[in-house]
Each structure stands twice: as structure tokens, then as C-alpha cells.
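Visitor: Please find one structure pasted underneath; my questions will follow.
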Amino acid sequence: MSVFVFIIFDANSISDSYAEEITINIPFGAYSPELNTPAEVWYDPPVVSATVGDTITWINNDKEGHTVTSGQGSGRFGWMNNDFGISDGLFDSDRFMPGESWSYKFEESGTFSYYCTIHPWMDGVITIKESVLDYPHDAFGNKIESFPVIKFTPDNIIEVDLTWEPNVIKTHEKVQFIYQFYSRATNANLAKMQYDFVLIQNGKEIYRDTGLTQIGGDYRNFVFDNTGSIIIRFEGIEGTAGTISDKTIDVTTSKAARTTEFSTIVYENQEKMDHEQMQIKPAQRLELYYGLYPIIILVPGVLFIIALFWMKKSKKNSSQNTSSSTPI
């Protein structure tokens, strides 16, 4: 009896090995919502990308105390209407003073907005990505040196060669699984072999299809919606009566004895994420408003001149019409 094990892979075991520490500065002037504040942004940088396992440290270089609190801030003028932001409770630094810092280690992927509860116009965004190995590997992180990956059925009769493209799999991206069956005894290519192609992700079967090889091989295309470890299983490989190209292969056998499987990991595709990325605007500068003054003054002035010209022209036409209609 053969036993097949579901692989539940913890991506943190890989990400911790490559964790980094990232610094965000709280600049002087962030305490003020005024248009001419010295701070060009509230948090510098206002949008940061990191990976699972990374630690982010905020350093207070302002002259007042601040917090780093997950949730949604009020915007520049929301506080004037008693909107002081809403915390979602994920993380909260509490108040830390000028010259002090606070750090937080992100253990999950996602997009996290945050703000200062004391100065709720201050806001920023952290995007946490899963740690992605840049080489093909199995679900345990072991590097695959070359393709195809070769496995044998438990009865040691059939060799299964498997390649997947792209070699590092991401969500929302078409993956092609290409495979061949061979006789282990003769190295002959096996045509007309029946099998079930099965995909299992995070311990749950998500796809199954019955196949029949033509010239010893076949392929399947698939797009993954979720991240996590996957098993690619070829189940119950057997020949069809009268069509077996290698006589060493029995038509009937134990299904488990003719089943083999491979594994790898599906990562989040940051370029094709379903949710919209939040964008944080820098603090509005007073110079922008000075630059708008000529436009603000010029446009109404031009419109006023056009209106006067139109009124004068209309009055002249009206006078001419009245003159032409007066009896002699």
C-alpha cells in the first residue's frame, strides 16, 4: 500500500532567511496640516514595498510625538469635521517622541494603510509581498537543478518526466505543465496511456482531468487564483488494451502503484493583483497655489472681456434693428 502525503508549506520558513529591515522617516513639519509645511510627505517614503518577514522601522525626526497606527486617516482637512481616522487594530505603536523609533515585523502579505492618531492627516501605505525564490524549487524550497523533473511510479515500471513553464509559478498567470511517460525497463516512449491529471493546492484538490497520451506525452494549461504549495499528481497511469507500445507494461495494475506526484509553490503575482494599490499624495505645497494664481486671475478676466464684447455687439445689433424698423 502506498501513502501519499499532502504538503502544507509555510512560506515564512523561506522568507525569514531573506528578511530585511526597512526605515521610514517621519520628517520635520509632519505635525502641521498647513500648506507651507516643511514636510513634502508625512512619512518618507509614503509608499513602501517589502516582503513577508521584513521589519519596518519608523524614526521620528519631527518636533512632536507621533504614532504609527494601522487603519485609515482623515485626510488633510478631515480633522476639521471631527474625523480623526479609524484604526483597524492590526498594529499600533502608541506615541513615540522626537528622536525615538518604533519597529514592526510583517508576517503576512497584503496592503496595509496606516496613519498617526495624533495628527490624522498623516498617512502612508505598506505593501507586503510574499518572498519569492528566483529559481525553480519544490514545495520545501529545494532547488530544481534542471527540467524535466523525473519521478518513477511506486512499482518502478513507469518513468514520468515533468516540466512546467514558467518555472516559478505566480497567480493569475498561465502555467503549462508538459509531461512524458517512459518504460523504465526499456526507456521506450509510452503512447496511449490513460491517467488522471490532478492539482492539489494547500491540501485541497482544485483540478482533475482524465488524459490519454498520444506520442508518449501531453500537456495541461492552468491559471492559479491562490498562493500556496501545490502537488501535481499523475494518478493511475495504465495502458489501453491493444495499444501499449511496450509489452512490459501491464494493462491492469494497482492504481496507487501507478501514481506519482511532484510539488512546487505558487506565489502572489504583484503585477496582476486584483485589488487596487493605494496611492499616497505628497503634502500639498504652498508654491502650487502661487503657481495657480495667474490662471485663477486670467481665466475670469478673459471671460469678462468676452462677455463685454458680446453685450456690446448685441446692443449694436439691437440698435440697427430698431433703426431699420422705424417708419419714414
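For the sequence shown, the working numbering assigns the number 1044 to the last residue and increments by one with no breaks. For every residue, glycine included, the Cβ atom is placed at its ideal position computed from N, Cα and C.
In this structure, how does DSSP classify G781 when only helix, strand and coil are distinguished?
Guide: Three-state result, G781: coil.
Visitor: Does the Cβ-Cβ distance between G933 and Q896 come in under 8 angstroms?
Guide: Yes.
Visitor: In the DSSP assignment, what residue or residues form a beta bridge with K867?
Guide: The partner list for K867 (beta bridge, DSSP) reads V876.
Visitor: Pull up the distance between the alpha-carbon of G840 and that of E756, whole angstroms please.
Guide: Straight-line Cα distance between these residues: approximately 13 angstroms.
Visitor: If you check the beta carbons only, do V784 and K886 fall under 8 angstroms apart?
Guide: No; because the gap between Cβ atoms is not below 8 angstroms, this pair is not in contact.
Visitor: I'd like to check one pair, V884 with V848: are the Cβ atoms closer than 8 angstroms?
Guide: For V848 and V884, yes; Cβs fall inside 8 angstroms.
Visitor: Taking F938 as the reference, which of Q930, D925, N752, P852 has the closest Cα?
Guide: Closest by alpha carbon: D925.
Visitor: Determine, using beta-carbon pairs with one atom in the segment 754-774 and one in the segment 821-829, whether at least three such pairs fall under 8 angstroms.
Guide: Yes: at least three Cβ pairs fall under 8 angstroms.
Visitor: G794 to W837, Cα distance in whole Å?
Guide: Going by the C-alpha atoms only, they are around 7 angstroms apart.
Visitor: Between the alpha carbons of G952 and R936, how many angstroms are there, rounded?
Guide: Cα-Cα distance, rounded: 17 angstroms.
Visitor: Just to confirm the assignment: which complete beta strand (DSSP E) runs, minimum length 3, are found wholly within the segment 885-942?
Guide: DSSP runs (the beta strand (DSSP E)) wholly in the segment 885-942: 890-899, 909-917, 920-928, 933-939.
Visitor: In the structure shown, what three-state DSSP assignment does A855 receive?
Guide: Coil at A855, not helix or strand.
Visitor: Using the beta-carbon count (16 or more within 10 Å), is D778 buried or exposed?
Guide: It is buried - the Cβ of D778 has at least 16 other Cβ atoms within 10 Å.
Visitor: State the start and end residues of the unbroken beta strand (DSSP E) segment that holds G826.
Guide: Its beta strand (DSSP E) spans residues 826-831.
Visitor: Taking all protein chains shown into account, do 16 or more other C-beta atoms lie within 10 angstroms of the C-beta of Y1005, making it buried, or fewer, making it exposed?
Guide: For Y1005, the predicted model reports a pLDDT of 46, less than 50, meaning its position is unreliable and no value from the coordinates is stated.
Visitor: Use the C-beta contact count for K920: other C-beta atoms within 10 angstroms, 16 or more gives buried, fewer gives exposed.
Guide: Answer is exposed; the Cβ neighbour count stays below 16.
Visitor: Per DSSP, which residues does I738 bridge with? Please list them.
Guide: In DSSP, I738 forms a bridge with I772.
Visitor: Taking only three categories from DSSP, how would you classify G815?
Guide: Residue state, collapsed to three classes: coil.
Visitor: Just mark I1021 as buried or exposed, buried being the case when its beta carbon has 16 or more other beta carbons within 10 Å.
Guide: Under this definition I1021 is an exposed residue.
Visitor: So the candidates are L1024, K1028, F978, A1023; which of them puts its Cα closest to the Cα of H853?
Guide: Of the candidates L1024, K1028, F978, A1023, the one whose C-alpha sits nearest the C-alpha of H853 is F978.
Visitor: In its own chain, which residues sit with a C-beta less than 6 angstroms from the C-beta of P749, not counting the 5 before and 5 after it?
Guide: So the qualifying residues of the chain are R792, W837.
Visitor: What are the boundary residues of the beta strand (DSSP E) that includes R792?
Guide: Per DSSP, R792 belongs to no beta strand (DSSP E) and is neither H nor E.
Visitor: What's the gap between the Cα of G826 and the Cα of E984?
Guide: When rounded, the distance between both Cα atoms is 10 angstroms.
Visitor: Kindly indicate the opening and closing residues of the beta strand (DSSP E) around V841.
Guide: Residues 839-845.
Visitor: By a C-beta neighbour count over all protein chains shown, 10 Å radius and 16 as the cutoff for buried, is D850 buried or exposed?
Guide: It is exposed - the Cβ of D850 has fewer than 16 other Cβ atoms within 10 Å.
Visitor: Around the C-beta of P754, are 16 or more other C-beta atoms found within 10 angstroms, so that it is buried, or is it exposed?
Guide: That one is exposed.
Visitor: Taking buried to mean at least 16 other C-beta atoms within 10 Å of its own C-beta, is N798 buried or exposed?
Guide: Counting Cβ neighbours within 10 Å, N798 comes out exposed, since fewer than 16 surround it.
Visitor: In whole angstroms, what separates the C-alpha of A972 from that of D871?
Guide: Rounded to the nearest angstrom, the two C-alpha atoms are 9 angstroms apart.
Visitor: My assumption, with CB atoms under 8 angstroms, is that R949 sits in contact with T929. Please give the rounded CB distance.
Guide: The Cβ separation is near 16 angstroms, so there is no contact.
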